[in-house]
Amino acid sequence: RKEVEQDPGPFNVPEGATVAFNCTYSNSASQSFFWYRQDCRKEPKLLMSVYSSGNEDGRFTAQLNRASQYISLLIRDSKLSDSATYLCVVNQAGTALIFGKGTTLSVSS
Amino acid sequence: GAGVSQSPSNKVTEKGKDVELRCDPISGHTALYWYRQSLGQGLEFLIYFQGNSAPDKSGLPSDRFSAERTGGSVSTLTIQRTQQEDSAVYLCASSPPSYEQYFGPGTRLTVT
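First to last, the protein sequences are chains A and B. In terms of the numbering used here, the first sequence opens at residue 1 and continues consecutively. In terms of the numbering used here, the second sequence opens at residue 110 and continues consecutively.
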């Protein structure tokens, strides 16, 4: 079983749509969780950390369910500029981050 | 402020040659990571340095790959006797103790 699994997509949505990405992780000792965004031929950039209580940053909402080892990212009112690959990332203390292979989002007008 | 920098940005080399890739992390970041990413693929972890601890080399694909980090700052990834399958973008990242990683722009390696 892969350590971090994501639906690769692609997710093709119109502008203004709400889209949700899911991610599962296998190691129950994982302590930190993040969503990164990667544009085509660019390096990954931190989108947001994911906290147990859930957190929101503008149109983006991240949720963590430790019992189910599940992380989600919700994007509301999608913009063309949201088109990218979204990477789910987890780690334990003292180890490297483990990246999922990413979910591709394409927002069209 | 200054982010993670990597050099060169692009490297074309002949099969069998050695290459060195450089990473300058963000000042004060204790952790440094190397990944590689082939076209259309996910990130592949290579090696991880944390402070003065022994590096985690578990991701290095073969003994042709090595890395060092001098003085807890700059890191060099060396690939000996390059093969065509080594062609990829090599990404370096650094992080403070909060674990959030910041990536450099990468080095695009092409082995001909």
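The C-beta atom is built at its ideal place from N, Cα and C for all residues, glycine as well.
Collapsed DSSP secondary structure at residue i in the structure displayed
i, result
"Leu80 of chain A", "helix"
"Thr179 of chain B", "helix"
"Glu5 of chain A", "strand"
"Asp127 of chain B", "coil"
"Asp195 of chain B", "helix"
"Ile135 of chain B", "coil"
"Leu115 of chain B", "Here residue 115 of chain B turns out to be Gln, not Leu, going by the sequence shown. The answer is strand: DSSP assigns Gln115 of chain B an E or B state."
"Gln63 of chain A", "strand"
"Lys101 of chain A", "coil"
"Ser68 of chain A", "coil"
"Thr122 of chain B", "strand"
"Ser219 of chain B", "For the record, residue 219 of chain B in the displayed sequence is Thr; it is not Ser. Correct three-state label for Thr219 of chain B: strand."
Spatial neighbours of residue i in its chain, beta-carbon cut-off 7 Å, leaving aside the 5 residues before and after
i, result
"Thr175 of chain B", "The amino acid at residue 175 of chain B is misidentified as Thr; the sequence shows Ser. Answer for Ser175 of chain B: Thr187, listed in chain order."
"Lys79 of chain A", "Glu15, Val107"
"Lys45 of chain A", "Tyr36, Arg37"
Span separating the alpha-carbon of residue i from that of residue j
i, j, result
"Leu73 of chain A", "Ala163 of chain B", "35 Å"
"Ser136 of chain B", "Glu43 of chain A", "19 Å"
"Leu218 of chain B", "Lys120 of chain B", "5 Å"
"Asn55 of chain A", "Glu209 of chain B", "16 Å"
"Trp143 of chain B", "Pro8 of chain A", "23 Å"
"Ala17 of chain A", "Ser108 of chain A", "10 Å"
"Tyr51 of chain A", "Phe34 of chain A", "9 Å"
"Phe154 of chain B", "Arg59 of chain A", "30 Å"
"Thr185 of chain B", "Phe158 of chain B", "12 Å"
"Ile71 of chain A", "Gly151 of chain B", "18 Å"
"Thr95 of chain A", "Leu169 of chain B", "15 Å"
"Glu5 of chain A", "Gln115 of chain B", "29 Å"
"Gln92 of chain A", "Ser32 of chain A", "7 Å"
"Ile75 of chain A", "Pro205 of chain B", "28 Å"
Own chain, CB closer than 6 Å to residue i, minus 5 neighbours either side, in chain order
i, result
"Pro10 of chain A", "Thr104, Ser106"
"Val183 of chain B", "Asp133"
"Asp39 of chain A", "Ala84"
"Gly160 of chain B", "Thr139"
"Glu129 of chain B", "Thr185, Thr187"
Amino acids of chain D, ordered along the chain, whose beta-carbon sits closer than 9 Å to that of residue i
i, result
"Leu64 of chain A", "No chain D appears in this structure, whose protein chains are A and B."
Same chain only: Cβ atoms within 8 Å of residue i, ignoring 5 sequence neighbours per side
i, result
"Arg145 of chain B", "Leu152, Glu153, Leu155, Ala197, Val198, Tyr199, Leu200"
>> Could you tell me which whole beta strand (DSSP E) segments of length 3 or greater appear in the stretch 145-192 of chain B?
In response: 153-159, 174-178, 184-188
>> Using 8 Å as the cut-off, can you tell me whether the stretch 166-175 of chain B makes contact with the stretch 111-126 of chain B, which would need three or more C-beta pairs spanning the two stretches below that distance?
In response: no
>> To test your reading of the DSSP string, which unbroken beta strand (DSSP E) runs of 3 or more residues are found completely within the stretch 14-55 of chain A?
In response: 19-25, 32-38, 45-49
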